[in-house]
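Everything below concerns the one structure shown next.
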Amino acid sequence: MIKRSFFALSKPRLTYDLLDTSLQSVEEIATPGSLTLLLPEEINSAKKALIGPGDAVKKGQKLTLYNDSTSYVLSPVTGTIKAVESYSDDLGKPAAYIIIKADPSAKEEDQGTQLKETLDFAAGYLGQIPGALPFSTLTDPDYHIRTIVVTGADLDILCDTCQFVCSTYAEMMVAGGKILKAMTQADRLYITVPENLSVQVNLDGFNVLKTSSVYPSNLPVMIMKDHFGKVLAPGTTPEDLGVCFIRPEALVSLARAYDTGQPVYDKIITLIDKGGKRYRARATIGTSISKIFSCFNVQINDRDRIIIGGPMRGFSTYTVHHPVTADMDTLMVQDADVVPEISDRACVNCGECVRVCPANVPVNLLVRYLEANLYEEAADRFDLESCIGCGLCSYVCRARIPLYQYSRLGRYELLTLRENA
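When we follow the numbering used here, the leftmost residue of the sequence shown carries the number 8, and every step to the right adds one.
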């Protein structure tokens, strides 16, 4: 919901949506004959690849590109690799994708790996389960994670997938929380819950944090400030202070994996169509999102916008063949006729972005440096690293400059520059 002052003398107020209780059923999307798995690693032609076209794979088999690779995916089906190709993600980072053609005659048997309830094993085998548990953070020796916060309150407006998982699979989520706490030896488990949520849920073992309905109060940096009394310094993250935020579906998937003795591959996704109607689907990781659109008769036309995530913090994809991923909670479709205009016009210095910014970043000055690719200067002089990624600046910009995208790309490029220094 969006509220704006009639006289425009106060900040516009965006509020989170509560769980749509009328949408109880989840539509099962059949596993297609071909799956595309995204692997966050660049293809290096100088190295000998471990996998390639024509290779047979089994369900649950761990797939890596090279002997020294740390990134991996699990095959959700038994079949044959049809292609291993390069692509660039939404930030331009080189990565790889693997296309697997399923064998319909194969028996539905998992690879047979025995699951051990240890953090190192889970990080090396369960890192791609639905919900995308951040094992790289949990196992990083530079972090000392003592507090785990489950995001039961969705981070973006219009989204309610996390609320749905919490209310529908509360028992499994609690079980997954106990497993993860034992693995990580974390001291405390918290869960964020919308303050106005009417659904009663058993959250045994969790400390409940009631969050405000006003956006962006559910973002991790705001939770740190409002509930833990810790204001993050520029360039630092909650993980630097020993706090890790995870999705509720990650805990559900973890509990299901150890309950069944094998990984799970089906992701819950909320689809919001052009009219704002919600649908709930469960699809195998690697399924083309076009299958979800077809299931609910959502027509995608030329120049329509497909958004992965919410309207404030999501990103657009150029193809209906983008696969379902472990961290995909929401899909949105905007009709071409109502897609907000984006321009490369110069800033008009209205100051709206500065007034609305929760972190008091001088966005009107920052964007000038980001447009010129001066990322170090943007961080040193105009607080690039203080941006919390809420997207409010883009929402209020009268010149229709994609300020959020500039900031997001700028923070990524700054990190890349420092890593390569």
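Backbone N, C-alpha and C define an ideal beta-carbon position, used for all residues, glycine too.
Just so we're clear, the structure is a prediction, and the values are computed from it rather than from any experiment.
Would you call V238 buried or exposed, if buried means 16 or more other Cβ atoms sit within 10 Å of its Cβ?
exposed
When the Cα atoms are used, what is the spatial distance from F13 to T146?
Low confidence applies here, because F13 scores a pLDDT of 39, under 50, leaving its location unreliable and the question unanswered by this model.
Compute the Euclidean distance between the alpha carbons of P141 and V80, then round it to the nearest angstrom.
14 Å
Who are the near neighbours of L216 in its chain, counting only those whose CB is closer than 8 Å to its CB and skipping five residues on each side?
V156, Y197, I198, T199, V200, I230, H234
For V259 and G183, which I take to be in contact (beta-carbon distance under 8 Å), what is that distance rounded to the nearest angstrom?
6 Å
Can you tell me whether D336 is buried or exposed? The criterion is at least 16 other CB atoms within 10 Å of its CB, across all chains shown.
buried
With the cut-off set at 8 Å, would you say I275 and V361 are in Cβ contact?
No; because the gap between Cβ atoms is not below 8 Å, this pair is not in contact.
Where DSSP assigns a beta bridge to Y197, which residues make up the other side?
V156, N214
Here's the rule: buried if 16 or more other CB atoms are within 10 angstroms of the residue's CB, otherwise exposed. What is Q121?
exposed
Decide if the stretch 310-318 is in contact with the stretch 365-384; the criterion is three or more beta carbon pairs, one per stretch, under 8 Å apart.
no
Taking a contact to mean a Cβ-Cβ separation below 8 Å, would you say V91 touches I107 in this structure?
The Cβ-Cβ distance between V91 and I107 does not fall below 8 Å.
Check whether the Cβ atoms of T168 and T277 sit closer than 8 Å, and answer yes or no.
yes
Can you tell me where the alpha helix (DSSP H) holding E392 begins and where it ends?
Segment: none, E392 is in no alpha helix (DSSP H) and carries neither H nor E.
What is the DSSP secondary structure of R362, reduced to helix, strand or coil?
helix
Classify P47 as buried or exposed, calling it buried when 16 or more other Cβ atoms lie within 10 Å of its own Cβ.
exposed
Spell out a yes or no on whether the stretch 419-428 and the stretch 339-349 are touching, meaning 3 or more CB-CB pairs, one atom from each, closer than 8 Å.
no
Looking at the secondary structure, which residues open and close the alpha helix (DSSP H) in which C169 lies?
168-175
Quick check on F142: does DSSP put it in helix, strand or coil?
helix
Please report how far the alpha carbon of C394 lies from the alpha carbon of V374, in whole angstroms.
Computed Cα separation, rounded: 12 Å.
Which runs of the beta strand (DSSP E) at least 3 residues long sit entirely within the stretch 300-325? Give them in chain order.
As far as the stretch 300-325 is concerned, its whole beta strand (DSSP E) runs of at least 3 residues are 312-315, 322-324.
Do you know offhand how far S112's Cα is from T291's?
18 Å
When DSSP labels each residue in this structure, what does A113 get in the three-state scheme?
coil
Return the Cβ separation of A333 and E34 in integer angstroms, given the expectation that the two are a contact with Cβ distance under 8 Å.
A333 to E34, Cβ: 19 Å. No contact.
Can you tell which of L204, A406, L45 has its C-alpha closest to the C-alpha of P347?
A406
Any idea which residues DSSP pairs D273 with across the strands?
T291
Within the same chain, show all residues whose beta-carbon is closer than 7 Å to that of D194, passing over the 5 residues directly before and after it, in chain order.
R153, T154
I need the boundaries of the beta strand (DSSP E) containing Y94, first residue and last residue.
86-95
I58 and A103: beta carbons closer than 8 Å?
no
Since T43 is in the alpha helix (DSSP H), which residue starts that stretch and which ends it?
Here T43 belongs to no alpha helix (DSSP H); instead the beta strand (DSSP E) covers 41-46.
Below 6 Å CB to CB, which residues in the same chain sit around T43 once its five sequence neighbours on both sides are set aside?
Y104, I106, G293, P330
CA-CA distance, D5 and P245?
Here the chain comprises residues numbered 8 to 428, so residue 5 is not present and cannot be evaluated.
If you drop the 5 nearest sequence neighbours on each side, which residues of the same chain put their C-beta closer than 7 Å to that of V221?
R20, T22
Starting from the C-beta of N356, find all residues in its chain whose C-beta is less than 7 Å away, skip the five residues before and the five after it, and write them out in chain order.
The residues are N371.
Could you round the C-beta distance between L261 and I186 to whole angstroms and report it? I think they count as a contact, below 8 Å.
6 Å
Rounded to whole angstroms, what's the CA-CA distance from E301 to D247? Just pull it up for me.
Reading off the sequence, residue 301 comes out as Ser, not Glu. So the alpha carbons of these two residues sit roughly 43 Å apart.
According to DSSP, is P241 part of a helix, a strand, or is it coil?
coil
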